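Each number in my numbering corresponds to the 1-based position in the sequence shown with 154 added.
Just so you know, even glycine gets a beta-carbon here, dropped at the ideal spot from N, CA and C.
Note that this is a predicted model, so its numbers are computed, not measured.
Comments concern the structure below.
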Amino acid sequence: MPIKNVKSNEFVLKATCPAMGGIVASVTSFLWSKSCYISELNQFDDPDTGRFFMRLVCRVDDNGIEIEQIQSEFASIAKEFDMKWDIFDRSILSKVLIMVSKSDHCLTNLLYRYHKGELPIEITAIVSNHKDLRPMAEREGIRFVHLPVTKENKREQELALLDIVKETKTDLVVLARYMQVLTDNLCKELSGKAINIHHSFLPSFKGARPYHQAHARGVKLIGATAHYVTSDLDEGPIIEQAVQPVDHTFGADHLVSVGRDTETIALARAVKLHIDHRVFLDGNKTLVFK
């Protein structure tokens, strides 16, 4: 069984606001007044947007103080700096729904890391437009939902997916080689809450058979890109990328094999970064505190 998450007296604070003086001093002073020990602090000023980003990991050392109390009282600090913020109790596992088609390598890797405790998540369901990976889900005791997609029923099936997301209170949808283009409406409804893996080091070879295109061009580096889903196909904010050097001895099938490895690595890292609350959306790009 996967390991449980960390102790309930730990939380992550994420905040972003217009860059100005006094932010760190005010936030850290407030947390100290609530008996919070800050074990990790990251901050960044984006000169392009004029915004400030901050992530803190805290431990509450006073048993009489609840995380909910800190969350309630921090609102006054946030208002002073016009912050967008959130506090995440680290004892509460992120609920993740995984979408697949026929390829199993990304799902297999996610399940392996889940069982090893590297991904402290709760998998709410595995959803697919094919039945090929149903046995894998059933072996794991995970709910499997078959939603076959055609041109005629695409929106209907996407609404069914959203019903599952709402029913299970899913926090994150992971497209683990789900080979269907999502509609603009679904992309907007899952904005910032859906991660896709693209089988190229973006921007690169688009369309069908990307590894074969790469082989024909004699590429020396291939990779994979994990990004948030947007209505602009494969143009969403990038979270993580993995690369692998290759040379003229790599045939197309060998590139496919190597590509599977980079896909699994990039996707797993992106999911981990997201559930650790290390990713900030900054326009059409991300800011990631690793």
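Discussion item. Given this structure, state the Cα-to-Cα distance separating Pro357 from Ile393, to the nearest angstrom.
Written reply: Within the sequence shown, residue 357 is the residue found at index 203, counting from 1. Within the sequence shown, residue 393 is the residue found at index 239, counting from 1. With a pLDDT of only 48 at Pro357, under 50, the local geometry of the prediction cannot be trusted, and the value read off the model is given with reservation. So the two alpha carbons sit approximately 14 Å from each other.
Practice prompt. Could you name the residues of the same chain whose beta carbon sits closer than 6 Å to that of Leu340, not counting the 5 residues immediately before and after it, in chain order?
Written response: What you label residue 340 is simply residue 186 of the sequence shown in a count that begins at 1. The answer, listed in chain order, is Glu312.
Discussion item. Considering only the alpha carbon of each residue, which of Thr203, His269, Met253 lies closest to Lys285?
Written reply: For the purposes of this step, residue 285 is taken as the residue at position 131 of the sequence shown. Looking at the Cα atoms, Met253 is the closest of the given residues.
Discussion item. Between Gln334, Ser255, Ser162, which has its C-alpha nearest Asn217's C-alpha?
Written reply: Position 63 of the sequence shown, counted from the start, is the residue given in the question as residue 217. Of the candidates Gln334, Ser255, Ser162, the one whose C-alpha sits nearest the C-alpha of Asn217 is Ser162.
Fill in: Contacts around Val400, its chain only, beta-carbon distance under 6 Å, and the 5 residues preceding and following it disregarded
The sequence position of residue 400 within the sequence shown is 246, counting from 1. Same-chain partners within the cutoff: Ile376.
Worksheet item: Is it true that the CB of Ala173 sits closer than 8 Å to the CB of Arg209?
Response: Translated into the one-based positions of the sequence shown, residue 209 becomes position 55. Translated into the one-based positions of the sequence shown, residue 173 becomes position 19. Cβ atoms of Arg209 and Ala173: not closer than 8 Å.
Item to complete: If I'm right that Tyr121 touches Ile277 with Cβ under 8 Å, what's the distance once you round it to whole angstroms?
Response: The shown model of the chain, from 155 to 444, leaves out residue 121, and the question about it has no answer.
Discussion item. When you compare the CB positions of Cys171 and Ile224, do they come within less than 8 Å of one another, or not?
Written reply: Residue 171 sits at position 17 when you count from the first residue of the sequence shown. Residue 224 sits at position 70 when you count from the first residue of the sequence shown. No.
Worksheet item: Can you give the Cα-Cα distance for Lys342 and Asp215, rounded to whole angstroms?
Response: Along the sequence shown, read from residue 1 onward, the residue named residue 342 stands at position 188. Along the sequence shown, read from residue 1 onward, the residue named residue 215 stands at position 61. Using only the alpha carbons, I get a separation of about 40 Å.
Fill in: Three-way DSSP call (helix, strand, coil) for Ile429 in this model
Here residue 429 refers to the residue found at position 275 of the sequence shown. Reduced to three states, the DSSP call for Ile429 is helix.
Worksheet item: If you count every other CB in all the chains shown that lies within 10 Å of the CB of Leu287, and 16 or more means buried, which is it?
Response: Residue numbering aside, residue 287 sits at position 133 when the sequence shown is read from its first letter. Classification for Leu287: buried.
Item to complete: For Gly271, count neighbouring Cβ atoms within 10 angstroms of its own Cβ and tell me buried if that reaches 16, exposed if not.
Response: Taking the first residue of the sequence shown as position 1, residue 271 is located at position 117. With fewer than 16 other Cβ atoms within 10 Å, it is exposed.
Worksheet entry | Distance, Pro201 Cα to Phe207 Cα | Here residue 207 refers to the residue found at position 53 when the sequence shown is read from its first residue. Here residue 201 refers to the residue found at position 47 when the sequence shown is read from its first residue. Cα to Cα, the separation comes out at about 11 Å.
Worksheet item: Should Asn263 and Thr418 be called a contact, given that it needs their Cβ atoms to be closer than 8 Å?
Response: Along the sequence shown, read from residue 1 onward, the residue named residue 263 stands at position 109. Along the sequence shown, read from residue 1 onward, the residue named residue 418 stands at position 264. It is a contact, given that the beta carbons lie within the stated cut-off.
Fill in: Integer Cβ distance of Leu301 from Ala291, believed to fall under 8 Å
In the sequence shown, counting from the first residue as 1, residue 301 sits at position 147. In the sequence shown, counting from the first residue as 1, residue 291 sits at position 137. Not really, about 13 Å apart at Cβ, beyond 8 Å.
Worksheet entry | Contact check, Ser255 vs Ser282, beta carbons under 8 Å | Residue numbering aside, residue 255 sits at position 101 when the sequence shown is read from its first letter. Residue numbering aside, residue 282 sits at position 128 when the sequence shown is read from its first letter. Yes. Within cutoff.
Worksheet item: Does the beta-carbon distance from Leu251 to Thr324 come in below 8 Å?
Response: Counting from one through the sequence shown, the residue named residue 251 turns up at place 97. Counting from one through the sequence shown, the residue named residue 324 turns up at place 170. Yes. Within cutoff.
Worksheet entry | Beta-carbon gap between Ala420 and Ile318 smaller than 8 Å | Counted from its first residue, the sequence shown places residue 420 at position 266. Counted from its first residue, the sequence shown places residue 318 at position 164. It is not a contact, given that the beta carbons lie outside the stated cut-off.
Worksheet item: From Glu222 to Lys426, what does the alpha carbon distance come to, in whole angstroms?
Response: Translated into the one-based positions of the sequence shown, residue 222 becomes position 68. Translated into the one-based positions of the sequence shown, residue 426 becomes position 272. One C-alpha to the other measures close to 25 Å.
Item to complete: Check each candidate in Val383, Lys444, Phe198, Asp243 and name the one with the smallest Cα separation from Arg423.
Response: To locate residue 423, count along the sequence shown from 1; it is residue 269. For Arg423, the nearest C-alpha among the options comes from Lys444.
Worksheet item: Across which residues does DSSP place Phe242 in a beta bridge pair?
Response: The residue labelled residue 242 in the question sits at position 88 within the sequence shown. Paired residues: Val166.
Discussion item. Bridge partners for Pro451 per DSSP, in chain order?
Written reply: Residue 451 is absent from the model: the chain starts at 155 and stops at 444.
Item to complete: Using the DSSP secondary-structure output, state which residues sit across from Arg213 in a beta bridge.
Response: Translated into the one-based positions of the sequence shown, residue 213 becomes position 59. DSSP lists Glu164, Tyr191 as partners of Arg213.
Worksheet item: Relative to the alpha-carbon of Phe111, which residue among Leu195, Tyr332, Gly175 has its alpha-carbon at the smallest distance?
Response: Not covered by the structure: residue 111. The range shown for the chain is 155 to 444.
Fill in: DSSP-derived helix/strand/coil call for Val335
In the sequence shown, counting from the first residue as 1, residue 335 sits at position 181. In this structure, Val335 counts as coil in the three-state DSSP scheme.
Discussion item. Taking DSSP's pairing of strands, which residues face Phe198 in a bridge?
Written reply: Here residue 198 refers to the residue found at position 44 when the sequence shown is read from its first residue. DSSP lists Phe207 as partners of Phe198.
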